[in-house]
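Heads up, the sequence shown is in this note's numbering, so the first residue is 1 and it goes up one at a time. Below: one structure, written as structure tokens.
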Amino acid sequence: MRTKHIMYKPTGVCSQAIDVTADENDVIQQVFFIGGCNGNLQGISKLVTGQRIDDVISRLQGIRCGHKSTSCPDQLTEALKELKNASLEE
């Protein structure tokens, strides 16, 4: 199975990076957050693994964290948008 992978640098949140991989059918294979609220982000990673990119974007886009205009889940949707356009790896 071919995959695509990116390391995304989020803005406006505590996490410093989001490492995400999907297969050729746009099904998320793994998500790792570097930094941020470890327990919550591990939970989000487990919940989105196995889900289609578009489904996750529609559920998580626009979520805010307190007074911030974004959140780690919202930044994940930005990473997933970028991942959709990434090239498949061999």
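Just so it is clear, CB atoms sit at the ideal spot from N, CA and C, and this is done for glycine as well. Please read these numbers as outputs of a predicted model, since none were measured by experiment.
Residue j beta carbon less than 8 Å from that of residue i
{"i": "leucine 88", "j": "lysine 9", "result": "no"}
{"i": "threonine 49", "j": "isoleucine 28", "result": "yes"}
{"i": "isoleucine 53", "j": "leucine 80", "result": "yes"}
Option nearest residue i by Cα separation, candidates the options
{"i": "leucine 41", "options": "Asp74, Gly66, Asp26, Asp55", "result": "Asp74"}
{"i": "valine 20", "options": "Ile63, Met7, Thr11, Lys46", "result": "Met7"}
{"i": "alanine 22", "options": "Ile57, His67, Glu78, Gln51", "result": "Gln51"}
{"i": "glutamate 82", "options": "Ser45, Ile57, Cys65", "result": "Ile57"}
{"i": "serine 15", "options": "Ala86, Gln30, Ile34, His67", "result": "Ile34"}
Where residue i falls, given that 16 or more other Cβ within 10 Å makes a residue buried
{"i": "glycine 71", "result": "Looking at the sequence provided, one finds serine at residue 71 rather than glycine. Per the 10 Å Cβ criterion, buried."}
{"i": "glycine 36", "result": "buried"}
Bridge partners - residue i, DSSP secondary structure assignment
{"i": "lysine 4", "result": "Ala22"}
Threshold first: 4 residues or longer. Then list the alpha helix (DSSP H) segments lying entirely within the region 20–86, N to C. Secondary structure within the region 20–86: the alpha helix (DSSP H) runs of 4 or more consecutive residues, fully enclosed, are 38–48, 53–60, 72–84 (chain order).
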